[in-house]
Each structure stands twice: as C-alpha cells, then as structure tokens.
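K.L.:
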Amino acid sequence: MTKIHLWLEETQIIGGYIQRTSTIETSNQSKFNLWYRFPIKYQDYLTDSCDPFVVASIFLAMSQGSDLIVHGQVSPSLLDNLDKFQSIWSCWKPKIYQRINIKPDQEKEYEQIAGEKVAISSFSGGVDSCFTAFRHTQGINIQRKQNLQACLMVHGFDIPIQQKEVFERAFIKSQKITYSLGLDLIPMATNFRQVIK
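Here is the structure:
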C-alpha cells in the first residue's frame, strides 16, 4: 500500500494570530502545507497533537488507498472513531474510499482538564448550526445534551479564504446569534479547501 506522510511544523505567531501547520507528502512525492489560524488569545486551547491534521487528511488518504504515516502524536480515541468512520465510508462509497491504516509515532490521549466538561460546535450561520446551538443551550428535545460553551466559524470552508470582507460580515451576523445564546464565537482560518482536493 502507498503512503502519505504527515509532519507538524513549528507553531508561528503572525500578527495577532497563532498558526499551526503540517507538511503533508503524498504517495507521488508532492508536498504541501495545511494550516489552521486562530486569534492568539485562544492559543492555550489548541492541541499540540496531529489530530486536526489527521482528520483533515483522512479522505485524501482513503481516496488514494494510502496508509497515513503520522510523524507525531495522535489520540487513541480519535483513532477508534476514525476506524468506525472508515468502515462507514468504505461501505457507502467503496469505489471512492478504501480503508487505510493510520500509523502515528505515538498514541496519547489528551489530559482531562479538571472541572466541568464543556463542548464546542462548528457554526456556519446556517439552519443546522443555529438549530444545534439552540438545542444544546436550551436543552429542548435532546437526549445527549452537551455543555456547549462556544462555536467555531471557519474561514476557508464555506467562504473562500480570499474573501475576507465576506467572512467578516458573516462572522458579525453569526456572532449576534451565538451571543444571544450565551456562546462565544471563535474565528478560525484555514487553507484546507485550497490544498486538500
């Protein structure tokens, strides 16, 4: 089986932002960088593991039928969840996605922070994300209510990374919604759509 390699690069501070970057080398030897950028005030909440980059590259590896060799740490709980995830996608779309092996240098679970367990949800400003935020903050008609404390809005998913003003307007509108529910809205930028195809 072919291989895709993934490495973490040095964390960078750019302006008022912290950027985490990985280098990904595909089976045909092409390399690219994938990055996530957050306002620096959230740096203490970011993981030092490769988990976010493994999640971002799983479909690429499955579509190429390439094992994912991770030169860093991955949480065992993510590996368990991705095993189930791969089972579903390889059954649903077997001509597109194959099961692959994920081989990290180290498996290590996150240390639990003492105190109340909290959750974060992605937020686009659309109906589904609004419903999720409302449902978990209000506890209406829900079996597994999460202690939702914040939402994450990603610049570079629905809104292309080049459209800064469009994202800023959407963020301000979305922030009004999340604040009305007592939730912080965290902006994140990524080049995911530009590099993972």
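For the sequence shown, this note's numbering gives the first residue as 6, with consecutive numbering after it.
Each residue gets a CB set at the ideal place from its N, CA and C atoms; glycine is no exception.
Predicted model only: the values in this text are computed from it and were never measured.
If you drop the 5 nearest sequence neighbours on each side, which residues of the same chain put their C-beta closer than 6 Å to that of methionine 6?
P.N.:
Within the same chain, methionine 6 has close Cβ partners Asp72.
K.L.:
Quick check on threonine 183: does DSSP put it in helix, strand or coil?
P.N.:
Note: threonine 183 maps to helix in three-state DSSP.
K.L.:
Answer with buried or exposed for leucine 39, where buried requires no fewer than 16 other C-beta atoms within 10 angstroms of its C-beta.
P.N.:
Buried: at least 16 other Cβ atoms inside 10 Å.
K.L.:
Of the residues Leu87, Phe58, Leu83, which one's Cα is nearest the Cα of isoleucine 201?
P.N.:
Residue Phe58 is the option with its Cα nearest to isoleucine 201.
K.L.:
Using alpha carbons as the reference points, say which of Ser35, Gln24, Glu114, Lys150 lies closest to proline 192.
P.N.:
Checking every option, the nearest Cα to that of proline 192 belongs to Gln24.
K.L.:
For the 8 Å Cβ check, are there 3 or more pairs between the stretch 147-163 and the stretch 89-108?
P.N.:
The stretch 147-163, when compared against the stretch 89-108, does not touch it at the 8 Å Cβ threshold.
K.L.:
Rounded to whole angstroms, what is the Cα-Cα separation between isoleucine 164 and valine 60?
P.N.:
Looking at the two C-alpha atoms, the distance is approximately 20 Å.
K.L.:
By how many angstroms is the C-alpha of lysine 89 removed from the C-alpha of tryptophan 97?
P.N.:
Their backbone Cα atoms lie some 12 Å apart in a straight line.
K.L.:
For the stretch 34-100, list the alpha helix (DSSP H) runs that are entirely contained and at least 4 residues long, ordered along the chain.
P.N.:
Correct list: 56-69, 81-97.
K.L.:
Can you look up serine 27 in the DSSP assignment and give me helix, strand or coil?
P.N.:
It is a strand residue.
K.L.:
Candidates Ile182, Cys156, Gly131, Tyr184: which alpha carbon is nearest alanine 124's?
P.N.:
Selected option, being the one with the closest Cα: Cys156.
K.L.:
When the Cα of lysine 181 is compared with those of Tyr41, Asn33, Ile9, Phe128, which residue comes out closest?
P.N.:
Nearest of Tyr41, Asn33, Ile9, Phe128 to lysine 181, Cα basis: Phe128.
K.L.:
Note down, in chain order, each residue of its chain lying with its Cβ closer than 7 Å to the Cβ of phenylalanine 211, except the 5 sequence neighbours on either side.
P.N.:
The structure shown has nothing for residue 211, since the chain only spans 6 to 202.
K.L.:
State the Cα-Cα distance for the pair tyrosine 41 and aspartate 53, rounded to the nearest angstrom.
P.N.:
Between tyrosine 41 and aspartate 53, the C-alpha separation is close to 12 Å.
K.L.:
Could you check the C-alpha separation between glycine 77 and leucine 13 for me, to the nearest Å?
P.N.:
Their Cα atoms are separated by approximately 7 Å.
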